[in-house]
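First the structure, in the form of structure tokens, and then the observations on it.
This is the structure we're talking about:
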């Protein structure tokens, strides 16, 4: 079945489950969704905020999706994003350059920071076959504590112990023409980083030899090796690039949507990236669309919460349920297939039936 | 130095226990062949149900001793039920187990806070009192050992240690344990021998759910006293402990104690002169870095169940 249909069905079921959840807890689902959508799209400002909220999700989703194409599960996007954002913040706070140069340097620092953070799990996977799920989790916590102590130690905020100094205006991704266009929204140049990253990754995956090799490794590591592809190099490179993209999410978040880096928390966008990638079927354009959808849910929930009694966590609940349905989309496929098969099928022999079942499972 | 160690030990044990029980549960799941990355979520569910049941009952029955036990049971049962979502996805639907586990984490994190906010308005649920630490009679008088292991202990610590022994016995000395392990190593051979692989995997996942729920509830009833919607990534740490402990009950005990001890040292380092000279960041990242190094060392001789993470398909023999 087509991936986009699967994703749409998962979204539909997630929204239905969300409605059920609202109804069960004594709220009006129709009102809930009305205010949720209005909160995200009602005015140019809200649309801009939706795009800004979606920006880090585009990048973390892209990071997870890219790694997934190489058969790697990057659960460490949160740590890579945090460390990339930290590197960019450190540059923004300590380097004095013309704005264009400074921003370029910050983006570069963010990319490199995230990339290096993912490089370690990549090397451990390629060289020692250490499962990346565990090693990236360890890297998440290492980033968490490193930033936790380095920020107050060297970049302490003016008043709060729990965040870095505010970035100076020239070290931020804000652009007045863009905010004006969206009537005061906090949308910023980070959005363009996201769009460019989507285009670059789409080109890389679909049009280059490197992309072909990475995908081949993702499909079947052993046959890729047999075909002469340097599998280990591909794994390391894929993690490096995936980490770099997650690092860019940190730049977009901490120098764009926020103006300082908060310590004591792993950015939730890192984990949401897994959801974004899954819903987007690991395709760059799909990632973009699903990130925008999640951005809508996240930016609209505040308005919904203000207008109704529904807790804002309904948005996270809907997303979580969507992901469960996306992960179990086989269930939907089976139901559809059963429904299709039932009508024309004449009674088969037992052997035929067994054969049919076997094919069925293999296709799944 | 000795007095410091004496002071640290009870805290280290208190921190170790929820990790231990959760990792022990994951051992059943992985030995049966199902990767369970949803431990964090299952712990959160346990902590939520535990907090909900205990706070409601404490309002009605005050501090009766059995209320907390009912809370523990309810937490284990609720997480076992919740883990069915993961079991169904990964056993019947051949879903990617890591994605399914991630979905479990997300659903648990979002849903419990959503419900808690509907109940309390703030999203946090407090219980009025948890288990109280006590000195083990007689044993706490033994020199050295008594001070380290038997003073300021919680009843849940002993419960979990008993569960550890029982689990080790079940896994290695009973037909059930042998069958369960067979499902994680050679599911097709197991099936040929007449074992119902899918049913065994369901049991494995549900035990892991129950134990993780217990872990979440133990955190609540010993050192936190409040449901806040997360367990600080302890579920992931339990998963790392399982691998660090090489999928063996006593290996897990050692790995979780290592984490418990290292975290406690890092937490108290500032008040201990000998430790205060080490930058706290080093102490904090120490357990994670050591785990990475351990993974590299173990990578040559991994004891991971051979079929873990692979969907079982009878047709693919």
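Protein chains in written order, with this note's numbering: chain A, 247 to 610; chain B, 40 to 356.
Even for Gly, the Cβ is constructed at its ideal location relative to N, Cα and C.
Taking 7 Å as the Cβ-Cβ cut-off, the region 365-381 of chain A approaches chain B at 370, 374, 375, 376, 379, 380, 381, given in chain order.
Listed by position along chain A, the residues whose Cβ is nearer than 7 Å to that of residue 135(B) are 573.
A check of alpha carbon separations from residue 136(B) across 294(A), 515(A), 338(A), 572(A) identifies 572(A) as the nearest.
Contact note: residue 272(B) reaches chain A through 383, 386, 387, 390, 512, using a C-beta cutoff of 9 Å and chain order.
Residue 128(B) reaches chain A at 570, 573, 574, counting residues in chain order whose Cβ is nearer than 8 Å. Counting along the chain, the unbroken alpha helix (DSSP H) around residue 366(A) starts and ends at 345-374. Residues 83, 84, 87, 268 of the same chain have their beta carbon placed closer than 7 Å to that of residue 151(B), with the five preceding and five following residues left out of the count.
Rounded to the nearest whole angstrom, the CA to CA distance from residue 561(A) to residue 465(A) is 33 Å. In the same chain as residue 538(A), and ignoring 5 residues on each side of it, the C-beta atoms closer than 7 Å to its own belong to 300, in chain order. At a cut-off of 7 Å between C-beta atoms, residue 156(B) counts as an interface residue with respect to chain A. Here residue 48(B) carries a helix assignment [DSSP, helix/strand/coil].
Cβ proximity to chain A below 7 Å picks out 319, 320, 323, 324, 327, 328, 330, 331, 334, 335, 338 from the region 319-341 of chain B.
With a beta-carbon spacing of about 22 Å, residue 526(A) and residue 361(A) fall beyond the 8 Å limit used to define contacts. Within the region 515-568 of chain A, the alpha helix (DSSP H) runs of at least 4 residues that lie entirely inside it are, in chain order, 530-553.
Residue pairing for residue 266(B): DSSP places it in a beta bridge opposite 164(B).
Chain A places no beta carbon closer than 7 Å to that of residue 54(B), leaving this residue out of the contacts. Annotated three-state conformation of residue 277(A) is helix, per DSSP. Distances from the CA of residue 101(B) to each of 328(B), 167(B), 247(B), 339(B) were compared; the closest alpha carbon is that of 167(B). Nearest CB-CB separation between residue 71(B) and chain A: not below the 7 Å threshold. Non-local C-beta neighbours of residue 565(A) in its own chain, meaning closer than 8 Å and more than five positions away in sequence, comprise 260, 518, 521, 540, 543, ordered along the chain. The beta carbons of residue 134(B) and residue 574(A) sit closer together than 7 Å.
In this structure, the beta-carbon distance from residue 92(B) to residue 113(B) falls below 7 Å.
If you check the CB distance, residue 493(A) and residue 326(A) come in under 7 Å. Per DSSP, the continuous alpha helix (DSSP H) segment holding residue 95(B) begins and ends at 78-100. The secondary-structure analysis by DSSP pairs residue 402(A) across a beta bridge with 410(A). The region 189-203 of chain B and the region 47-58 of chain B touch, with no fewer than 3 CB-CB distances between them shorter than 8 Å. With a threshold of 7 Å between beta carbons, residue 395(A) makes contact with chain B. Here residue 337(A) is not near residue 497(A), since their CB atoms are 7 Å or more apart. With contacts defined as CB atoms closer than 7 Å, residue 563(A) and residue 412(A) fail to qualify as a contacting pair.
Beta-bridge analysis with DSSP links residue 173(B) to 192(B). Distance from the CA of residue 550(A) to the CA of residue 442(A), rounded to the nearest whole angstrom, comes to 32 Å. In the structure shown, residue 508(A) falls within a strand segment according to DSSP collapsed to helix, strand and coil. The Cβ atoms of residue 513(A) and residue 372(A) do not sit closer than 7 Å to each other. Below the 7 Å Cβ cutoff, chain B contributes no neighbours of residue 408(A), its closest Cβ being approximately 16 Å away. Around residue 174(B), the same chain offers 189, 190, 191, 192 as residues with beta carbons nearer than 8 Å, after the five sequence neighbours per side are excluded.
For residue 239(B), the enclosing alpha helix (DSSP H) has its first and last residue at 236-258.
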